[in-house]
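Under our numbering, the first residue of the sequence shown carries the number 49, and numbering increases by one thereafter.
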Amino acid sequence: HSHPFKLSSPADGLCTRSDLFITSKLWNTYHAPEHVPLALDRTLSDLSLDYVDEYLIHFPISMEFVPFESKYPPEWTNASGKMVVVANDMGKTWEAMEALVGTGKTRTIGICNFSTQLIRQLL
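Pasting the structure below:
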């Protein structure tokens with residue numbers, strides 16, 4: 049899979065990495081703690097980056113894991129074309145996100161589309 053976005057090299061004179069603030073999001077199929085770092089690594093590879101400035105949990109809805117080799121990006125369905133919501137401890141997903149900051153692969157983490165109640169549960 050080839051991502052359409054590629055940074056220019058500093059030799060191009062267009063911009064440098066430090067000129068940009070890049071945000072990406074963890075997709076619903078990668079909420080299991082063991083999948084969180086794999087998903088970020090895939091994003092970094094797709095974008096030809098060493099780090100992102102911000103990495104967010106996209107939705108508080110966990111879906112069945114879809115291996116990269118089966119379907120990428122997974123979008124809303126699994127390899128069989130079905131949307132399968134699964135039970136998940138979002139606190140464990142958040143802990144995995146926190147661990148990413150220490151790797152230097154993201155500078156900050158956050159959430160999207162969480163209600164006030166879900167934010168309170170997460171904290």
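The beta carbon of each residue, even a glycine, is placed where N, CA and C say it ideally should be.
Query	Result
Outcome for C160 when other beta-carbon atoms lying within 10 angstroms are tallied against a minimum of 16	exposed
M131, buried or exposed, once every other Cβ within 10 Å from all chains shown has been counted against 16	exposed
Inter-stretch contact at 8 Å, needing at least 3 Cβ pairs: the segment 62-72 / the segment 132-141	no
Candidates H106, S96, L95: closest to S175 by CA position	Any answer about residue 175 is impossible in this case: the structure gives the chain only from 49 up to 171.
Three CB pairs or more closer than 8 Å across the segment 143-162 and the segment 122-129	no
Classification of L171 by the beta-carbon crowding that lies within 10 angstroms, buried from 16 upward	exposed
Extent of the continuous beta strand (DSSP E) to which G158 belongs	154-159
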